[in-house]
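A short write-up of the structure that comes next.
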Amino acid sequence: MKNYLKLPIISIIFIFLFLTSCSTKPNEKTSSSESLVSSQAPQSSAAISVSSQSSAASNPTSSFTITPSQPTIKPTTKHIICIDPGHQELVDTSTEAIAPNSSIMKMKNPGGAEGVKTKIPEYKLNMIVGQKLNIKLSNLGYEVIMTRTDNKANISNITRAQVANNAKADLFLRIHADSVDNGSSVNGVHILIPGDEYIKDKYLIIESKKIASILLDSFVQSTQANSRGLDVRNDMTGFNWCKTPMVLIEMGFLSNPDEDVKLNTDEYQNKIVTGITNGINKYFNQ
Ligand SMILES: [Zn+2]
């Protein structure tokens with residue numbers, strides 16, 4: 006009787022050893038690094054046989070390609086922020102179309118505002134805040150693209166939008182300060198967002214408004230500035246040529262002496278940067 010039992014027992018041991026050795030291989034693969042995935046391709050036969058016995062029996066090839074490629078899908082995706090410090094030193098009165106297929110022309114660089122008290126031009130303030138944002142957002146792991154890093158640069162609003170488009174930015178963040186001719190008491194922050202007269206991609210309209218709302222709240226929370234709300238604009242060349250979500254933050258009024266002085270202090274600029282950064286973090290982590 007004992008000899009009669011030997012064959013089935015040996016067979017069971019062999020089957021057990023075979024299954025154990027096979028089932029360890031997929032586990033090795035999932036823990037391997039990206040660079041090892043392609044070089045391990047020749048081991049595919051074991052992986053295929055195990056996969057096909059389990060959940061993906063009808064399509065063993067795809068189950069094999071999915072299993073080892075998981076680590077390559079994982080790398081942290083950086084959100085890309087295109088920062089556009091508004092204006093520049095050079096006034097460029099030549100014109101460009103306000104939108105693709107539009108015959109309406111606007112000046113490429115009409116020049117920005119100037120501090121009524123500090124006499125500091127808007128393009129300098131925009132650059133200082135833009136660079137502070139660049140440093141802060143980069144440190145937080147965002148990929149930052151600047152439309153300009155030099156006040157001597159000469160780039161039109163179409164070109165600025167194209168920088169964001171080419172970078173495939175997740176956000177085109179335009180930094181400006183405002184000014185009014187009559188009304189030195191006018192003060193506070195408002196954010197411009199695109200209208201749908203030229204922009205037909207509803208995603209851009211909806212997302213721009215969503216992020217602008219979040220940014221306005223976080224800006225006001227950090228700076229205690231007066232909130233003037235959101236303004237929908239169809240006449241902004243830099244919006245109409247843009248193919249990414251976009252906002253233009255008017256940080257305050259340089260025509261207001263108190264706000265002009267405040268905007269040009271390191272302390273208030275840091276509050277602005279904190280507010281904008283908090284808003285960006287909130288939007289991308291919601
Ligand atoms: Zn401006």
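Numbering (this note's numbering), first residue to last: 6 to 291. For every residue, glycine included, the Cβ atom is placed at its ideal position computed from N, Cα and C.
- Residue state for S108 is assigned as coil, using DSSP reduced to three classes.
- In the DSSP annotation of this structure, the continuous segment of the beta strand (DSSP E) that includes L197 starts and ends at 194-199.
- Classified as buried, P126 has 16 or more neighbouring CB atoms from the shown chains inside 10 Å of its CB.
- Looking at the DSSP output, C87 bridges to I150, F177.
- Between the alpha carbons of S232 and L176 lies a distance of about 22 Å.
- For P126, the beta-bridge partners assigned by DSSP are E119.
- The residues S223, S227, in chain order, have a CB closer than 7 Å to that of N283 in the same chain once the five nearest residues on each side in sequence are set aside.
- Per DSSP, reduced to three states, the secondary structure at V225 is helical.
- Note that the C-beta distance between V185 and S260 is below 8 Å.
- In terms of Cβ geometry, F244 and D183 do not form a close pair [threshold 8 Å].
- Per the Cβ contact rule, the stretch 101-118 is not in contact with the stretch 137-147 (fewer than 3 Cβ pairs under 8 Å).
- Within its own chain, the residues whose Cβ lies closer than 8 Å to the Cβ of I103, once the five positions on either side in sequence are excluded, are I109, M110, K111, Y203, D240, M241, T242, N245, listed in chain order.
- When rounded, the separation of the alpha-carbon atoms in I85 and Q229 is 28 Å.
- Counting of Cβ neighbours within 10 angstroms places E119 among the buried residues, the total reaching 16 or more.
- For ligand 1, the residues with a Cβ under 5 Å from any of its heavy atoms are, in chain order, G91, G117, H181.
- Assigned with DSSP and collapsed to three states, M256 falls in strand.
- Look at K113 here: in three-state DSSP terms it is strand.
- Going by DSSP, E101 is part of the beta strand (DSSP E) stretching over 97-102.
- Listed in chain order, the alpha helix (DSSP H) runs fully inside the stretch 259-289 are 262-268, 271-289, counting runs of at least 4 residues.
- Counting along the chain, the unbroken beta strand (DSSP E) around G234 starts and ends at 232-238.
- Distance from the CA atom of M256 to the CA atom of K137, rounded to whole angstroms, is 14 Å.
- Within the same chain, Cβ atoms closer than 7 Å to the Cβ of R153 are found at P90, Q93, I160, the five residues on either side in sequence being excluded.
- For E212, the closest alpha carbon among the candidates M251, S190, V225 is that of M251.
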